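A short write-up of the structure that comes next.
In our numbering, the protein residues as written are -10 to 701.
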């Protein structure tokens, strides 16, 4: 096991690759590719849209629609004219000179970061390769920029997905699991001579070469470590920090940036050659720090920090969407001038080549007519030989300035390509709104409460109106492509508003004149019939002279009780006089009510059958009385308590079951007594009233009130 030596020296003094001149760096607009996700309105409402974007100075341009994919791993070609990226399955190239993208290869499934080689001849990719058994294995591959040659650099060696090109492009450092332990390896650019550089020192990924190419920094589990390319001098670079991300060398190799997770989130740290550190963005949860080409600043992801706070609301008046979750921050290497430059994740700097020209332009549009100027373009070591314009609608132009009128107003992405006297090129693009706003206009006509709005008089000078949205002034709205809508109002004065949007995305809003609408109230009417404590009600006769009666709400004398519908029944808990009220609502929300007073009483019950029977014993006999209680319509009444008296003065009681029956038995009657008599005194139940006058016996063996039982 190698012994850790704590050192602070980061570079060995080796000669570094040539950097762009100071004049180039001072005047060239910084260029960053990144992933940009934000909410937008789709056919089904708000959705997350993700794009490959380019941040050029203070301008962020979405260049490729990635659907909902948030990790495209963009990587620049050395000449800045192309960006390789992945959609998680295939690899693509975005060409900045045409503003278009194309598939590079479908032979592999890209599953991780892409990295363009420094010489521009190949693109490395962490990819999933079919293993021949129906499964997939992660390998490192290299692809030529034309997609014609895919070279497998690792084969079943346990490639972890972490890798980096050496500054010369002649070698690759990569992570590999050896006997279940992750270690750092180095190999030639063609995959040969794979050499192990670490041994049990906690390699956890995040590979980064020093600019001189003689040292490799990596995450060693609890901090950042470094090792020489021959495997010697393995050291901890940041003891005392809980580092868990790739170390990133500054261009001169005298500083290193990494993330410290001691506080529970990533914080950007810059370590100087003498071991001192600078917290360049204290308190800001961060990820993916990347040095600028001149080494003066760092771009990084500000996690959960929003640039705008809230997105602008759409022109059609629909609700605003949520703000994005992550932004791109920029801070000087000494910790000063922390600012936001864009939105999204995965920032990747373009590093300009020595002597490469810089393309820049401005555009001013009046409607669909635009004037372009390339006055901001320059060549630091010579002169610009040509200017080529691609206006984004299939037409082209030349010259340092250009005037172009688009056939249809809309949003376009014009491209400027400049070529210097050495034949080197640069390209840039912008989003240009070349669109005159539409003019919103509409008429209205009302027939009682029903109003028809017609926005077909709206017009667009350089295109067509494609979307109409209305607010009616009563808290409702309509949103859709049609120019004509109909709306029903309640009585009152309202202000209707029309929003229109043209095919280029521009919108204009116009508020209408006030509308005075008269809407007849609905007519509430109902009938009610009570049987005992239960009342049946029916309001289906209610009507609306200029609409429909749609809603019914009932009050049975105790306040609104959640009873809805045009008809139904309600059972009171006690007898009394009550006021029933129905409130009817029409199709515009207007209401009217009607009331009636009802008196409810307890329903009557009586004895409907009274039978006697006896059983003779050796020295005595038993007499049994069977009692059946009926309601007013002779339905059986359960739960009633019946009381009665025997002729000897003794009393007895029983409760009816589900069949309305119960029985009472007198036992051990002396045999000297030939007969006994039982008389019903009454019956009770909380929601019934006993009516003795109704007692009867359909079989005729009693009068329903008293029965005589003889000894057998």
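Note that beta-carbon positions come from the ideal geometry of N, C-alpha and C, so glycine has one too.
Just so it is clear, the structure is predicted and the values come from calculations on it, not from any experiment.
Return the Cβ separation of residue 664 and residue 697 in integer angstroms, given the expectation that the two are a contact with Cβ distance under 8 angstroms.
Position 675 of the chain shown, counted from the start, is the residue given in the question as residue 664. Position 708 of the chain shown, counted from the start, is the residue given in the question as residue 697. Indeed they touch by this definition, with Cβ atoms about 6 angstroms apart.
Check whether the Cβ atoms of residue 616 and residue 573 sit closer than 8 angstroms, and answer yes or no.
For the purposes of this step, residue 616 is identified with residue 627 of the chain shown, where counting begins at 1. For the purposes of this step, residue 573 is identified with residue 584 of the chain shown, where counting begins at 1. Cβ atoms of residue 616 and residue 573: not closer than 8 angstroms.
With DSSP as the reference, identify every bridge partner of residue 585, one or two as the case may be.
In the chain shown, counting from the first residue as 1, residue 585 sits at position 596. Assignment of beta-bridge partners to residue 585 by DSSP yields 569.
Alpha-carbon spacing of residue 192 relative to residue 261, whole angstroms:
In the chain shown, the residue the question calls residue 192 occupies position 203. In the chain shown, the residue the question calls residue 261 occupies position 272. The C-alpha of residue 261 is placed about 23 angstroms away from the C-alpha of residue 192.
Looking at the strands, I want to know which residues DSSP matches up with residue 650.
In the chain shown, residue 650 corresponds to position 661, counting from 1. Bridge pairing for residue 650: 617 [DSSP].
Is it buried or exposed, residue 165, if we count other Cβ atoms within 10 angstroms and call 16 or more buried?
Within the chain shown, numbered from 1, the residue matching residue 165 stands at position 176. By the 10 Å Cβ count, residue 165 comes out buried.
Just the C-alpha distance for residue 286 and residue 230, rounded to the nearest angstrom, thanks.
Stepping through the chain shown from its first residue, residue 286 is reached at position 297. Stepping through the chain shown from its first residue, residue 230 is reached at position 241. Distance between the alpha carbons of residue 286 and residue 230 is about 22 angstroms.
Separation of residue 403 from residue 362, as counted between CA atoms
In the chain shown, residue 362 corresponds to position 373, counting from 1. In the chain shown, residue 403 corresponds to position 414, counting from 1. Distance between the alpha carbons of residue 362 and residue 403 is about 12 angstroms.
Tell me which same chain residues have a C-beta within less than 8 angstroms of the C-beta of residue 577, skipping the five on either side of it?
Within the chain shown, numbered from 1, the residue matching residue 577 stands at position 588. So the list reads 438, 477, 478, 479, 508, 536, once near-sequence residues are dropped.
How many angstroms separate the CA atom of residue 486 from the CA atom of residue 458?
Stepping through the chain shown from its first residue, residue 486 is reached at position 497. Stepping through the chain shown from its first residue, residue 458 is reached at position 469. Residue 486 and residue 458 have their C-alpha atoms spaced approximately 8 angstroms apart.
Alpha-carbon spacing of residue 412 relative to residue 240, whole angstroms
As a working mapping, residue 412 is identified with position 423 in the chain shown. As a working mapping, residue 240 is identified with position 251 in the chain shown. Distance between the alpha carbons of residue 412 and residue 240: 27 angstroms.
Is the beta carbon of residue 139 closer than 8 angstroms to that of residue 146?
Translated into positions along the chain shown, residue 146 becomes position 157. Translated into positions along the chain shown, residue 139 becomes position 150. The criterion of a C-beta distance shorter than 8 angstroms is not satisfied by residue 146 and residue 139.
Answer yes or no: do residue 267 and residue 206 have a C-beta to C-beta separation smaller than 8 angstroms?
What you label residue 267 is simply residue 278 of the chain shown in a count that begins at 1. What you label residue 206 is simply residue 217 of the chain shown in a count that begins at 1. Taking 8 angstroms as the Cβ cut-off, residue 267 and residue 206 do not qualify as a contacting pair.
With DSSP run on the structure shown, which of helix, strand or coil describes residue 681?
Here residue 681 refers to the residue found at position 692 when the chain shown is read from its first residue. Looking at residue 681 - three-state DSSP - the assignment turns out to be helix.
Along the chain, where does the beta strand (DSSP E) that runs through residue 699 open and close?
Reading the chain shown from its first residue, position 710 is the one you call residue 699. Run containing residue 699: 695 to 699, per the beta strand (DSSP E) assignment.
Would residue 618 and residue 672 qualify as a contact pair, given that the criterion is a beta-carbon distance under 8 angstroms?
Locating residue 618 in the chain shown gives position 629, where the first residue counts as 1. Locating residue 672 in the chain shown gives position 683, where the first residue counts as 1. Yes, these two residues count as a Cβ contact at 8 angstroms.
Please state whether the Cβ-Cβ distance between residue 26 and residue 69 is less than 8 angstroms.
Position 37 of the chain shown, counted from the first residue, corresponds to residue 26. Position 80 of the chain shown, counted from the first residue, corresponds to residue 69. No.
Mind checking whether residue 585 and residue 517 have CB atoms under 8 angstroms apart?
For this step, residue 585 is matched to residue 596 along the chain shown. For this step, residue 517 is matched to residue 528 along the chain shown. Yes, the pair counts as a contact, with Cβ atoms nearer than the cut-off.
With a Cβ-Cβ cutoff of 8 angstroms, do residue 225 and residue 212 count as a contact?
Within the chain shown, residue 225 is the residue found at index 236, counting from 1. Within the chain shown, residue 212 is the residue found at index 223, counting from 1. Yes, Cβ-Cβ distance for residue 225 and residue 212 is below 8 angstroms.
Does DSSP put residue 353 in a helix, a strand or coil?
The residue you call residue 353 lines up with position 364 of the chain shown. The answer is strand: DSSP assigns residue 353 an E or B state.
Extent of the continuous beta strand (DSSP E) to which residue 666 belongs:
Here residue 666 corresponds to residue number 677 of the chain shown, with the count starting at 1. Unbroken beta strand (DSSP E) run through residue 666: 664 to 673.
Taking 8 angstroms as the threshold (C-beta atoms), are residue 582 and residue 571 in contact?
The residue given as residue 571 occupies position 582 in the chain shown. The residue given as residue 582 occupies position 593 in the chain shown. Between residue 571 and residue 582, the C-beta gap is smaller than 8 angstroms, which places the two residues in contact.
Is it buried or exposed, residue 353, if we count other Cβ atoms within 10 angstroms and call 16 or more buried?
Start at 1 with the first residue of the chain shown, and residue 353 comes out as number 364. So residue 353 ends up on the exposed side.
What are the complete beta strand (DSSP E) segments, minimum 3 residues, inside the region 318 to 376?
The region 318 to 376 contains these whole beta strand (DSSP E) runs: 328 to 332, 334 to 338, 351 to 355, 358 to 362.
Name the DSSP bridge partner or partners of residue 591?
Walking along the chain shown from the start, residue 591 turns up at place 602. Answer by DSSP bridge pairing: none, since residue 591 is not bridged.
Where residue 106 sits in the DSSP three-state scheme:
The residue labelled residue 106 in the question sits at position 117 within the chain shown. Residue state, collapsed to three classes: coil.
What is the DSSP secondary structure of residue 83, reduced to helix, strand or coil?
Indexing the chain shown from 1 puts residue 83 at position 94. Strand, per DSSP.
Cα-Cα separation, residue 645 to residue 550:
Here residue 645 is taken as the residue at index 656 of the chain shown, counted from 1. Here residue 550 is taken as the residue at index 561 of the chain shown, counted from 1. Taking the straight line joining both Cα atoms gives about 33 angstroms.
Residue 50 and residue 420: beta carbons closer than 8 angstroms?
The count along the chain shown starts at 1 and reaches residue 50 at position 61. The count along the chain shown starts at 1 and reaches residue 420 at position 431. Contact flag set, yes.
Under 8 angstroms between C-beta atoms of residue 128 and residue 112
Walking along the chain shown from the start, residue 128 turns up at place 139. Walking along the chain shown from the start, residue 112 turns up at place 123. Not a contact, by the Cβ cut-off of 8 angstroms.
Looking at the strands, I want to know which residues DSSP matches up with residue 176.
As a working note, residue 176 is residue 187 in the chain shown. As DSSP reads the structure, residue 176 sits in a beta bridge with 161.
In this structure, how does DSSP classify residue 256 when only helix, strand and coil are distinguished?
Numbered from its first residue, the chain shown carries residue 256 at position 267. Secondary structure at residue 256: strand, using DSSP grouped into helix, strand and coil.
Counted within 10 angstroms of its Cβ, other Cβ atoms place residue 424 as buried (16 or more) or exposed
Residue mapping note: residue 424 aligns to position 435 of the chain shown, counting from 1. By the Cβ-count criterion, residue 424 is buried, with 16 or more other Cβ atoms from all chains shown falling within 10 Å of its own Cβ.
Alpha carbon to alpha carbon, how far is residue 327 from residue 273? Give it in angstroms, no decimals.
Stepping through the chain shown from its first residue, residue 273 is reached at position 284. Stepping through the chain shown from its first residue, residue 327 is reached at position 338. CA-to-CA, the gap between residue 273 and residue 327 works out to about 10 angstroms.
Among residues of its own chain, excluding the 5 on either side of residue 99, which ones have a beta-carbon nearer than 6 angstroms to its beta-carbon?
In the chain shown, residue 99 corresponds to position 110, counting from 1. So the qualifying residues of the chain are 75, 80, 114, 116.
Around the Cβ of residue 606, are there at least 16 other Cβ atoms within 10 angstroms (buried) or fewer (exposed)?
On the chain shown, position 617 is the one that residue 606 refers to. Taking all protein chains in view, the Cβ of residue 606 is surrounded by fewer than 16 other Cβ atoms within 10 Å, so the residue is classified as exposed.
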